[in-house]
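Here the structure comes first, spelled out in structure tokens, and everything after it is commentary.
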Amino acid sequence: MDSLRPPTSRPRRVPALRTGTARPVLRGLPTLHPGLRPEPAPAPAGLDTALAVDAADPDALFAFAAERMAGGRVRVAEDYARRLAARHTRRSTALGHGLALPHAASGYANGVQALYLRTRAPLDFDAPDGEPVSDFLFLVVPRPASSAHSELLEALQEAFGLPRLRRELRQERPEAVLAELWQRVRRR
Numbered sequence: 001m002d003s004l005r006p007p008t009s010r011p012r013r014v015p016a017l018r019t020g021t022a023r024p025v026l027r028g029l030p031t032l033h034p035g036l037r038p039e040p041a042p043a044p045a046g047l048d049t050a051l052a053v054d055a056a057d058p059d060a061l062f063a064f065a066a067e068r069m070a071g072g073r074v075r076v077a078e079d080y081a082r083r084l085a086a087r088h089t090r091r092s093t094a095l096g097h098g099l100a101l102p103h104a105a106s107g108y109a110n111g112v113q114a115l116y117l118r119t120r121a122p123l124d125f126d127a128p129d130g131e132p133v134s135d136f137l138f139l140v141v142p143r144p145a146s147s148a149h150s151e152l153l154e155a156l157q158e159a160f161g162l163p164r165l166r167r168e169l170r171q172e173r174p175e176a177v178l179a180e181l182w183q184r185v186r187r188r
């Protein structure tokens, strides 16, 4: 899907992680210094989607997402919901522009689990721009979370900052857009 690529322009410089040097950002996603990532970003065990979800508040949303990702395992769902809510309470996981990236680490997770969810009505999610949120990408990663998981979150946050990606995510089948996004993030 070529339309995910931002217009070509000169790379902008952003501070590097722990190196004191700058690194270029190409095609809207950052490149990393080779010594900073010991392993590639983990692929999700499965990328599930749920559209037109009814949720009255964030807690109901966390419960729905956790149950869906836990696949019927009650204890796992309770753990996921509790950890997602606790993470959001510490600091909002809303990114702005109607998007949020709720995430948590759990000892029950065998690999990265991802769920793209869209609510029927937007929710107040303490977004930095004050806009309500209707599009969510939930991630649960194995505990303890690794540096690869942190880099995955960083790359997804940056990608969701691209207006073109947000438009395509809302207009097209989100599965196709997310699958391509995931492949691009993994190739970083």
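47 is the number that UniProt numbering gives to position 47 of the sequence shown; each next residue is one higher, with no gaps.
Think of the CB as a built atom: it goes at the ideal place given N, C-alpha and C, for glycine as much as any other residue.
Owing to the predicted nature of the structure, the values given are computational and were not obtained by experimental measurement.
In the DSSP assignment, find the unbroken alpha helix (DSSP H) run with residue i in it and report its ends.
i	result
residue 103	Run containing residue 103: none in the alpha helix (DSSP H); it sits in the beta strand (DSSP E), 103 to 106.
residue 87	74 to 90
residue 58	58 to 70
Between residue i and the rest of its own chain, which residues show a CB-CB distance below 8 Å, the 5 nearest in sequence each way excluded?
i	result
residue 53	61, 64, 117, 118, 119 and 120
residue 122	98, 131, 132, 133 and 134
residue 129	96 and 97
In three-state DSSP terms, what is residue i?
i	result
residue 163	helix
residue 142	strand
residue 94	strand
residue 52	strand
residue 155	helix
residue 173	coil
residue 27	Summary for residue 27: the model assigns pLDDT 40, below 50, so the residue's position carries little reliability, and this model does not support an answer.
residue 109	coil
residue 168	helix
Which residue marks the beginning of the beta strand (DSSP E) containing residue i, and which one marks its end?
i	result
residue 125	Residue 125 -> no beta strand (DSSP E), and no H or E assigned at all.
Below 6 Å CB to CB, which residues in the same chain sit around residue i once its five sequence neighbours on both sides are set aside?
i	result
residue 49	116, 174 and 175
residue 108	76 and 79
residue 72	none
residue 149	141
Please list, in chain order, all residues of the same chain as residue i whose beta carbon is under 7 Å from its beta carbon, the five residues on each side excluded.
i	result
residue 144	105
residue 66	77, 80, 81 and 84
residue 126	92 and 94
residue 70	76, 77 and 80
Let's test the definition: count the other Cβ atoms within 10 Å of the Cβ of residue i and tell me whether it reaches 16, buried, or not, exposed.
i	result
residue 93	buried
residue 51	exposed
residue 98	buried
residue 83	buried
residue 56	exposed
residue 90	exposed
residue 68	buried
To the nearest whole angstrom, what separates the beta carbons of residue i and residue j, a pair I think is in contact under 8 Å?
i	j	result
residue 113	residue 74	Not really, about 16 Å apart at Cβ, beyond 8 Å.
residue 181	residue 159	6 Å
residue 153	residue 101	7 Å
residue 142	residue 110	7 Å
residue 157	residue 95	6 Å
residue 47	residue 179	7 Å
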